[in-house]
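**Q** Heads up: the sequence shown begins at 35 in the working numbering, then just goes up one per residue.
The beta carbon of each residue, even a glycine, is placed where N, CA and C say it ideally should be.
Remember, predicted model here, so these are calculated numbers, not experimental data.
The structure under discussion is supplied below as structure tokens; questions concerning it will follow.
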Amino acid sequence: MNNREVEISVIIATVGRAARLEESLAGYEGLDPGTPPFEVIVVLDGEDPASRPVCERPRTFPVRVLSQERAGPGPARNLGAEAASGELVVLLNDDTRPDPGCLLAHASAQARLGPCVAIGRVDWDPERPCTPYMAWLAPDGHQFNYGRLDPERPAPWDACWGTNLAVPRSWLLEEPFDPGFPLLAIEDGEWGYRLFRSGRPLRYVPEALCYHDHRYDGPADYRQRARTAGAASRYVVRRHPELAWTLIGRPAAAAAVRATSMLWPGNWRREMLWDVGFRSNYVLGILQPHRKERSR
Numbered sequence: 035m036n037n038r039e040v041e042i043s044v045i046i047a048t049v050g051r052a053a054r055l056e057e058s059l060a061g062y063e064g065l066d067p068g069t070p071p072f073e074v075i076v077v078l079d080g081e082d083p084a085s086r087p088v089c090e091r092p093r094t095f096p097v098r099v100l101s102q103e104r105a106g107p108g109p110a111r112n113l114g115a116e117a118a119s120g121e122l123v124v125l126l127n128d129d130t131r132p133d134p135g136c137l138l139a140h141a142s143a144q145a146r147l148g149p150c151v152a153i154g155r156v157d158w159d160p161e162r163p164c165t166p167y168m169a170w171l172a173p174d175g176h177q178f179n180y181g182r183l184d185p186e187r188p189a190p191w192d193a194c195w196g197t198n199l200a201v202p203r204s205w206l207l208e209e210p211f212d213p214g215f216p217l218l219a220i221e222d223g224e225w226g227y228r229l230f231r232s233g234r235p236l237r238y239v240p241e242a243l244c245y246h247d248h249r250y251d252g253p254a255d256y257r258q259r260a261r262t263a264g265a266a267s268r269y270v271v272r273r274h275p276e277l278a279w280t281l282i283g284r285p286a287a288a289a290a291v292r293a294t295s296m297l298w299p300g301n302w303r304r305e306m307l308w309d310v311g312f313r314s315n316y317v318l319g320i321l322q323p324h325r326k327e328r329s330r
């Protein structure tokens, strides 16, 4: 890449996943030629001696590495935004790789729609096996549910998934992720709610695509994540009491209805069991004390 002024700053928060990070960074070598000038800012969330050499390898694009004491992805993204050179920040994960048109699509969406929080699409990596449970979780399940989003209409705040998301840098500086968020779940949704409440538009941009390499074999692999999300919802409701029904009341009622439906003959399908298990663990997370958790 030549020395043109950087327009896009990709921020990747990571810790302890050097091999995944290398695969992710390699994906940026093959972006469409029309992609605006970009940089990648890798934020090491804690001690991570194996990842620093990965960031320092020669690339065709600039890579900068920052570090912080272990604080979670939200503060890491804040730190990256403070250091970013581009006016557009794109948040991507260390276990994702961009489709060749990903960054170009994010930039084009800002030009077409005006400044917005642009929610890109995350598909399972086609180069990795996709288990039945993964296919149930996304793209139209409990992890990512794109079926309810319309590219022609505003997106809801609870679809503000930080796995693939673009936002004007100034917005992230003005409305940063909550540095005190205690758990690794729905911190992006809470941030999205604050952006929505302040009048900043959210839009779904499916052509801004990335591929996710994170294997789940079955419900046991996702159980703790569901409980953590439930526990995190209590923190969000303490900060935003008006979300009590959305994050606690409605999920609890839905879990009860789904569990009751299992009493009817013929409802013991695999996907139904998975759904009841996910919802029940979310509710358990709401009800049970949860230790402060900083590891994925």
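(1) When the Cα of Ile45 is compared with those of Leu281, Glu57, Ala172 and Ala110, which residue comes out closest?
(2) Quick check: the region 83 to 101 against the region 149 to 161, are there 3 or more CB pairs under 8 Å?
(3) Would you call the region 103 to 117 and the region 176 to 193 in contact, with 3 or more CB pairs under 8 Å?
(4) Would you mind working out which of Gly214, Ala278 and Leu183 sits nearest Ala384, comparing C-alpha positions?
(5) Could you check the C-alpha separation between Arg330 and Phe95 for me, to the nearest Å?
(6) If Ala265 and Val271 are in contact, beta carbons under 8 Å, what's the gap, nearest whole angstrom?
(7) Assuming Leu126 contacts Tyr250 under a Cβ cut-off of 8 Å, what Cβ separation, rounded to an integer in Å, is found between them?
(8) Can you tell me which of the three DSSP states Cys150 falls into?
(9) Taking the alpha helix (DSSP H) that Gln258 belongs to, which residues open and close that run?
(10) What does the Cβ neighbour count give for Val291, buried or exposed, with the cut at 16 atoms within 10 Å?
(11) Quick one: give me the first and last residue of the alpha helix (DSSP H) that Ser314 is part of.
(12) How many whole angstroms separate the CB atoms of Thr130 and Thr197, which I take to be in contact at a CB cut-off of 8 Å?
(13) As an exercise, report each continuous alpha helix (DSSP H) stretch of at least 4 residues that is fully enclosed by the region 100 to 130, in chain order.
(14) Give the secondary structure of Arg237 by DSSP, where H, G and I count as helix, E and B as strand, and everything else as coil.
(15) Which term fits Ser267, buried or exposed, when burial requires 16 or more other beta carbons within 10 angstroms of its beta carbon?
**A** Reading from the atomic positions:
(1) If you number the sequence shown from 1, residue 45 lands on position 11. Of the listed residues, the one whose Cα sits closest to Ile45 is Ala110.
(2) no
(3) no
(4) Given a span of 35 to 330 for the chain in the structure shown, any question on residue 384 remains unanswerable.
(5) Here residue 330 refers to the residue found at position 296 of the sequence shown. Here residue 95 refers to the residue found at position 61 of the sequence shown. For Arg330, the predicted model reports a pLDDT of 40, less than 50, meaning its position is unreliable and no value from the coordinates is stated.
(6) Counting from 1 along the sequence shown, the entry for residue 265 is found at position 231. Counting from 1 along the sequence shown, the entry for residue 271 is found at position 237. No, Ala265 and Val271 are not in contact; Cβ-Cβ is about 11 Å, not under 8 Å.
(7) For this step, residue 126 is matched to residue 92 along the sequence shown. For this step, residue 250 is matched to residue 216 along the sequence shown. Not confirmed; about 20 Å, so no contact.
(8) Locating residue 150 in the sequence shown gives position 116, counting from the first residue. The answer is coil: DSSP assigns Cys150 none of H, G, I, E or B.
(9) To locate residue 258, count along the sequence shown from 1; it is residue 224. Residues Arg257 to Arg273.
(10) As a working mapping, residue 291 is identified with position 257 in the sequence shown. Answer is exposed; the Cβ neighbour count stays below 16.
(11) Within the sequence shown, residue 314 is the residue found at index 280, counting from 1. Looking at the DSSP string, the run of the alpha helix (DSSP H) that includes Ser314 is Arg304 to Leu321.
(12) Indexing the sequence shown from 1 puts residue 130 at position 96. Indexing the sequence shown from 1 puts residue 197 at position 163. 6 Å between Cβ atoms; contact.
(13) 107 to 117
(14) By 1-based counting over the sequence shown, the position of residue 237 is 203. Reduced to three states, the DSSP call for Arg237 is strand.
(15) The sequence position of residue 267 within the sequence shown is 233, counting from 1. Buried: at least 16 other Cβ atoms inside 10 Å.
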